[in-house]
Structure formats: C-alpha cells, structure tokens
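Here's the structure we're looking at; comments come further down.
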Amino acid sequence: MNRSLLAALPLIITGLCEAKQKVDELYAQHCQICHGEKLEGGLGKSLIDGVWRGDGSAASLTEIIRNGQPELGMPPFGEVLSKEEIRGLVIYIQEKEKYALENPPRPEPGTKDVYHVAGERFRLETVASGLSTPWSVAFLPGGRFLVTEKPGQLRIIEADGEVGPPIEGIPEVRDKGQGGLLEVALHPDVAENRWVYLSFADPKGDAQMTKIVRGRIRDNRWVDEETIFEAPEEFYTNRGHHFGNRIAFDKDNYLFFSIGDRGQQDQAQDTTRPNGKIHRIHDDGRIPKDNPFVDDGYPTIWSYGNRNAQGLDFHPETGQLWESEHGPRGGDELNVIKRGVNYGWPVITYGMNYNGTPITSETERPGMAQPVTYWTPSIAVCGIDFYEGDAFPSWKNKLLVTSLRQQELHLITLNGEEVVRDEIILEDRGRLRDVGSGPDGAVYLVLNSPDELARLVPVE
Ligand code: HEC
C-alpha cells in the first residue's frame, strides 16, 4: 500500500464522522478492519497483549493514533477524529487491555478463603450476613459495630455477629437511586460524648439532598438529635445520583464531608453551590471562619470540582486528607484534598461518559489539581481507609481502596503524594462499598451482593 493511499484510508473507510459518536462504534468504524473485532490484531497488531512499541502510556497511544506510524502501516487519524474521540479510543484500548491481562488474586489451592497476597496470609470471613444493602460501618467501643443499610436502617451488630433490630427514631431518608441512609461515623471522642453522625439523602417534597445529623443511641433508640449540615431547599433536586456523603474527622475534630455533583456536573465548578464539593465544619455544625469561601461563596466548602467523593480518610502520619472520587467511565480518581483547590470536574477528567461518548479531551489545565492517580478502566472506586492495625504489619499506613463494579480491594503503597504500587489483594468476592481497619487489626469490608459485613483476619 503506498503512503498517500494509507494516509487517505481513514477518510475512505469512514466518510463523515459525527462529533459525539460512541467509542465502540468509533472503533468498529475506524480501527476494527486492521486491529480485529476484539482488538486481538490482524493487519495491525494486537492492542490487548500488553506489548507496545512505545511505553503504552495514554500519551503515547494518543500520539500514535493522531500521527500514525506510516512506516509500519498505521494510518494517521489526527485529521479525521477529534481530540475527544481520540481520547475516548485511548480509554477504550486501555479498558480492553486491562480486562485481557487481568491476573487476579485467587484463594490458595485446597482452600476457599485463604489468600497469600501482598506479603500477608489472610482469610476472608463473614461477620454478619442477611443485611440489606449495607453502606458503611463504624466500630463502637467494646467490639460492637454500627452499620447503615441504604433503605434506611441503622443496626448494631454484636461482636459475635448477631444482627440487632433497626434502631428506632432515626431520620426519614429517601431511598432512591444512589440515595438513602449512607454514612455512619463516630465522634473521635465517642467514648466520652457518645455522638454518632449519620449522613443521608434527606427528602423534601419529591426532591432530596445530602444532610448530616448527630445523635446518641440509648436502649436501641436514636435520641438527642441535632442537625449538623442541611442545605437550603433551593439546592434540593429530584435526581437520584451523586450524594457523596462520606465523613472524616481530623485530629482537631473538624468534620470533613463530601457532596457529589447531584448529577449536575457543571455546578461542581460553582462555589456558590454545595454540590460537587468537599466541605469542612466544626463537629457541632458551626462554620469555621477560615473556610476558603466563607465570604463570597457557599461557606462550608473546603475544595471544589469533586464529582462524587465516595471515600475520605486522613493519613495517620501526614494528617493529609485523602479522597477517592467516583469518576465517569475511566476517570476514577485518588486525590489529596487541599484548602480551596479546584479538582477540575467536569472541565478536566480522565474519563468519558458511560455510554462511550466523550466529555472532554482535556485532562489538565492550569489552576486545576491533578489526581494522585486515576483508574482506567474505572473500577467504580468507593470507600478508602489507611490501614492502622497491627495484624498485617506490612500493610501499615498503606491505603486500602474498595471498588464496586470491579469487586476489587486495592492496597496502595505511597511515597508522599505518589503511588509507588497499586496491588489488588482481593477480587470477585462481592461489590465492595466500604473498608475500615478495626480496633482488633482485622480489615473490615462492607459488601453488597452478598450483603455482608466481612473481615480479613491473619492466618499463620
Ligand atoms: C490500515 C490498517 C490500520 C487501521 C485502520 C488502524 N491501524 Fe493501528 N496499526 C496498524 C499497524 C499495521 C500498526 C503497526 C503494527 C506494529 O507495530 O507491528 C498499528 C499500530 C497501532 C498502535 C500502536 C501499537 C504499538 O505497539 O505501539 C495503536 C495504538 C493503534 N494502531 C491504534 C489504532 C486505532 C485506535 C485505530 C482506529 C482509530 C487504528 N489503529 C487503525 C494498522 C492499522
């Protein structure tokens, strides 16, 4: 094939291209003829064997698709495809490659639940089952657990796994879409003051919004309730997505929490609105005077441009706030949250829409923070926790990250704000909603389907 014919080939194959075409159609239309229906290769090489002429990075794939490799027979697509479409194809190739290469952790031969991964031997064991879409777990003094169920129940689970009846008198919640009864968190001084915090989708008419209350539990009843955060009614919407709702306390007892963009992505950039943000308040709900937008924006905002934070935890040594952010397809992020910073959603993102249409080709911009890392394909990242126990010495202060869709538990080794290693230590045991290191050193997991509280315990 001569060069000019090669350069013209994309145009001949494709004809006119639409701006917001789905990525699988784009692939089928422009690439399949040479790289195969399943990216397995043909005239062109396999795109899923993990072997690349370049370094296989997003930047290098982008460069090759744009400019081609005419000497090898790969035509240039820079004049046929938009930047967004090329970005979409890069994510698509990386998704397919990841699925093809996966080498998941499996139980040791002859066992069902014993794993030897990441320098530790452990067993996955069920603590309590028969729950109804559990969302979050907190560790009560004395070995008991508090667990939220999304439809609206808060329950105590005894140390031996016996599941108590729903605690009476908690607020009404709206169990719709991703909303419901979500986070439960304990005051850092809970042993003295007994404050329990709940974050949930608060119904007003047919609309709902993230709200936080605190209260105490006496004789299985919710008492002494106080409202800690409630947005004005104008910010309620009937959409069912992206409530955020994680809570984390720092060492000075400031309460940080997330609100997702509520399905209105552009509002994540608007600092006069509470959605798409990380917030900071005092433990009793008062607004700190040194919050960044206290004078000219929504006063509780701490950072913005955050799509839907599903995990928040403070690093035990550095005191930095770490956040996992549920991105669109291919754009799950891990961030270090800093005062007043813009994290870019939806102006910059490493993801595309779930239906494969591009959001933007921009992955960075001055004035917008980059994630520490991002996951392509999306793992549907959820709760996070720095492991602080003693049962798994080699995991100390490393970050545990859960994933819903991929059903993966990741162990992330950090060096400052850099990811040194991202290991999958458990997979295919259920959708992982939340993780926490228990006072006994076990790693506790809130699972959905099966709906369980489970834990990883060390095995000699
Ligand atoms: C006319 C056939 C043809 C078409 C159409 C084509 N490619 Fe290629 N492509 C090739 C060949 C041939 C190579 C070089 C193979 C090799 O390195 O041995 C290649 C290389 C590549 C590489 C680099 C692989 C590496 O190891 O560096 C990427 C990425 C790629 N193609 C993506 C695409 C995408 C995305 C499309 C659709 C937009 C596409 N190609 C369309 C033939 C084609």
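Counting in my numbering, the sequence shown runs from 313 upward without gaps.
Glycine included, each C-beta is placed from N, C-alpha and C at the ideal position.
Where do the N-terminal and C-terminal ends of the alpha helix (DSSP H) with Glu504 fall, by residue? 502-505
Is Met680 close to the ligand HEC? I mean its beta-carbon at under 7 Å from any heavy atom of the ligand. No, the ligand HEC has no heavy atom inside 7 Å of this Cβ.
Between the C-alpha atoms of Glu674 and Pro658, what's the straight-line distance to the nearest angstrom? 10 Å
Taking the alpha carbon of Phe626 as the reference point, which residue from Phe569, Asn665, Gly609, Glu676 has its own alpha carbon closest? Phe569
Contact test: Arg574 Cβ vs the ligand HEC heavy atom, cutoff 7 Å: no
If you check the beta carbons only, do Gln579 and Gly572 fall under 8 Å apart? Not closer than 8 Å, so no.
What is the rounded straight-line gap between the Cα of Arg741 and the Cα of Gln719? C-alpha separation (whole angstroms): 7 Å.
Uninterrupted beta strand (DSSP E) stretches inside the region 450-495 (no shorter than 3 residues): Secondary structure within the region 450-495: the beta strand (DSSP E) runs of 3 or more consecutive residues, fully enclosed, are 457-461, 465-469 (chain order).
Residues in the same chain with beta-carbon distance under 6 Å from His553, minus the five sequence neighbours each way, listed in chain order, please. Gly489, Gln490, Gly575
When DSSP labels each residue in this structure, what does Leu355 get in the three-state scheme? Annotated three-state conformation of Leu355 is coil, per DSSP.
Could you say if the region 688-696 and the region 711-718 meet the contact criterion of at least three C-beta pairs nearer than 8 Å? yes
Beta-bridge partners of Ala766, as assigned by DSSP: Thr438, Leu757
If you count every other CB in all the chains shown that lies within 10 Å of the CB of Gly623, and 16 or more means buried, which is it? When all chains shown are included, Gly623 counts as buried.
Is the beta carbon of Ile524 closer than 8 Å to that of Tyr548? no
Whole runs of the alpha helix (DSSP H) within the region 686-766, excluding any shorter than 4 residues: Taking only runs of at least 4 residues, no alpha helix (DSSP H) segment lies wholly in the region 686-766.
Starting from Arg598, follow its DSSP beta bridges and name the residues at the other end. Arg598 is not bridged to any residue.
What distance in whole Å lies between the Cβ atoms of Ile590 and Glu775, which are believed to be in contact at a cut-off of 8 Å? Beyond the ends of the chain as shown, which are 313 and 772, falls residue 775; an answer cannot be given.
Indicate the three-state DSSP secondary structure (helix, strand or coil) for Leu373 in the structure shown. helix
Short Cβ contact (8 Å threshold) for Ile360 with Ala430: no
Ordered along the chain, which non-local residues of its own chain (more than five positions away) have a Cβ less than 6 Å from that of Trp507? His499, Arg526
beta-carbon Trp364 near the ligand HEC non-hydrogen atom, thresh 7 Å: yes
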